[in-house]
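Each residue of the sequence shown is one higher than the last, beginning at 1323 in my numbering.
Think of the CB as a built atom: it goes at the ideal place given N, C-alpha and C, for glycine as much as any other residue.
Bear in mind that the values here come from a model prediction, so they are computed numbers and not experimental data.
These notes are about the structure you will find just below.
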Amino acid sequence: MIETLLNGFATLFVIIDPIGLAPIFLGLTPGLSANERRRIARNGCLIAFLILAAFGLIGLSVLGALGISLGAFRVAGGLFLFWIAFELVFEKRKTRKEKDAQTAMTEHEAGEIAAVPLAIPLMAGPGAISAVILLSGELPSAAGQGSVVLVIALTVFATYLVLSVADRFERLMGQTGRAVITRLLGVLLAALAVQFVGDGIKALFPAAGA
1323 MIETLLNGFA TLFVIIDPIG LAPIFLGLTP GLSANERRRI ARNGCLIAFL ILAAFGLIGL
1383 SVLGALGISL GAFRVAGGLF LFWIAFELVF EKRKTRKEKD AQTAMTEHEA GEIAAVPLAI
1443 PLMAGPGAIS AVILLSGELP SAAGQGSVVL VIALTVFATY LVLSVADRFE RLMGQTGRAV
1503 ITRLLGVLLA ALAVQFVGDG IKALFPAAGA
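Next comes the structure, spelled out in structure tokens:
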């Protein structure tokens, strides 16, 4: 169970990518004071937590209602996470997130950026939601579901810590340092994604795991 939770935390942390999110967050909040940035980061993280926790608790029920097996979702989710890993390694994800943020900003007032685009889609996007449902499927018991919510809370809190000091973090890391770490995290996510696909294939075709 501990290994599953650690893998879940690593997967969710890499997908939310607070390191890559920091410069985007700064671009969304130009001219604001540190206190105002922290307030927006806090509200955005709270909204993202509520969304991800909800999917963590009811995601499996939704799949069941739609007649989708967990094995099939593991394969599909793993492939989707692998694509995100590809984007991280080749720095395509940052560009796409910046475009998402710009599009959302043209449709919402600056005061709403905590919800859109920060919480949705930059933090609680399709990739993070898929990862949460996959983790929930690994731990279907009541205690496991509580652990999933805890993992979400820890990941979102870590994201808040990075965003609350985004300006200092950006100066410390620099563009090169951030790019190196993002690529390394992308490789890690790719490995986790392959594991999800493998587990899904074994669930769909038990003979494959023999």
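Neighbourhood of residue i by C-beta distance below 6 Å, restricted to the same chain and skipping five residues each side
i	result
S1486	R1360, A1363
G1366	A1436, L1440, A1441
V1519	V1397, G1400
Y1482	A1363, C1367
Spatial distance of residue i from residue j (CA atoms)
i	j	result
R1396	L1348	35 Å
G1378	P1439	21 Å
A1387	E1358	42 Å
E1429	A1344	Unreliable placement is indicated for E1429, whose pLDDT of 47 sits below 50; no coordinate value is reported for it.
A1513	A1356	37 Å
V1411	A1501	9 Å
G1353	V1384	42 Å
L1511	T1351	29 Å
L1494	P1528	49 Å
L1327	L1372	19 Å
A1376	I1455	10 Å
V1509	S1463	30 Å
E1325	Q1497	32 Å
Presumed contact (8 Å Cβ cut-off) between residue i and residue j, rounded CB distance
i	j	result
Q1467	L1476	The pair is not a contact, with the Cβ atoms about 15 Å apart (cut-off 8 Å).
I1474	L1334	7 Å
I1406	I1337	6 Å
L1374	S1458	Actually they do not touch by this definition, with Cβ atoms about 10 Å apart.
A1370	V1478	6 Å
L1507	I1346	That pair is no contact at about 16 Å.
Spatial neighbours of residue i in its chain, beta-carbon cut-off 8 Å, leaving aside the 5 residues before and after
i	result
V1484	P1340, I1341, L1343, A1344, F1491
M1323	L1461, G1466, S1469
beta-carbon residue i near the ligand ATP non-hydrogen atom, thresh 7 Å
i	result
A1464	In the structure on display, the ligand ATP does not appear, and there are no ligands present to speak of.
Residues of its chain near residue i, where Cβ-Cβ distance is below 7 Å and the 5 sequence neighbours each way are ignored
i	result
A1515	G1400, L1403, F1404, A1407
G1393	G1522, A1525, L1526
N1329	L1514
L1489	Note that residue 1489 is Asp in the sequence shown here, rather than Leu. If we look at D1489 and ignore the five residues flanking it on each side, its Cβ neighbours are L1348.
S1452	G1399, F1402, L1403
*So does the region 1441-1449 actually touch the region 1401-1413, counting three or more Cβ pairs closer than 8 Å?*
Contact holds: three or more Cβ-Cβ distances are below 8 Å.
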